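Participant: Numbering (our numbering), first residue to last: -4 to 258.
Note that CB positions come from ideal geometry on N, CA and C, so glycine has one too.
From a predicted model like this one, the values you see are computed outputs, not experimental measurements.
Take this structure, written in structure tokens, and hold onto it; I'll ask about it next.
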């Protein structure tokens, strides 16, 4: 017997299949984002206390999440913490790797921080124990950052600032002495500035006088040049006259001899 579906039943069937396909795609996307479909390897570590660590807390390497805390058990006087590490990062867990508990802030959620060991060391086998390092207390953090020394330095700096403030308030102190010297310099500068117009006028007057002297000197030089030209012309005439006299001195004996012959 062949089943016959109406048009409405076909539409409903397609809708239901579409919903299931959408749900499946959503689950796949969420699973990829939450690493649901990735393989994990299991390790464990032991702490002296839980340090407020919770199940599903992150396991981080260089502050990047590489796994989760899957279980926390009390074993005797110790706390056993089971870790699920992504298989992709198993090669980072070597025999000298260590873990500790950290928190991003004083009020943040604690997480397990992986401290990498020698990359050339053998990889730690699955289900093995990773050695642990106790979580640092507030006292340890204060000692690490030398808060006490910093506080002492800050206190000394505050005292120095107070001493400097008192020194600045002292009328006989360096601040008021510097201000008085500055006032004196400003007064002298004001006096020098008030004399500046007179000095400028005096300089302008001297420049005018120098200009006049320069013009007169240029005129006198022109006259001297003309005078030298006249002297040069006179020398030429004198030279010509001397040449004539010289010629006459040569002709004079001949004239005297000629006169004696006629007598």
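1. Would residue 1 be called buried (16 or more neighbouring beta carbons within 10 Å of its own) or exposed?
2. Can the beta-carbon of residue 84 be found less than 8 Å from the beta-carbon of residue 97?
3. With a cut-off of 8 Å, do at least 3 Cβ pairs link the segment 114 to 125 to the segment 149 to 158?
4. Looking only at DSSP bridge pairs, what is residue 67 linked to?
5. For residue 151, which of helix, strand or coil comes out of DSSP?
6. Give every residue of the same chain whose Cβ lies closer than 8 Å to the Cβ of residue 128, excluding the five residues on either side of it in the sequence, and list them in chain order.
7. Taking the C-alpha atoms as reference points, what is the distance between residue 21 and residue 15?
8. By a C-beta neighbour count over all protein chains shown, 10 Å radius and 16 as the cutoff for buried, is residue 108 buried or exposed?
9. CB residue 80 to CB residue 41, shorter than 8 Å?
10. Kindly give me the distance between the Cβ atoms of residue 50 and residue 36, rounded to whole angstroms, as I take these residues to be in contact under 8 Å.
11. Apply the 10 Å Cβ neighbour rule to residue 130 and answer buried if 16 or more other Cβ atoms are within range, or exposed otherwise.
12. In the DSSP output, what is residue 126 paired with across the bridge?
Facilitator: Judging by the given coordinates:
1. exposed
2. no
3. no
4. 76
5. helix
6. 93, 94, 95 and 110
7. 10 Å
8. buried
9. no
10. Actually they are not in contact, since the Cβ atoms of residue 50 and residue 36 sit about 18 Å apart, beyond 8 Å.
11. buried
12. 93
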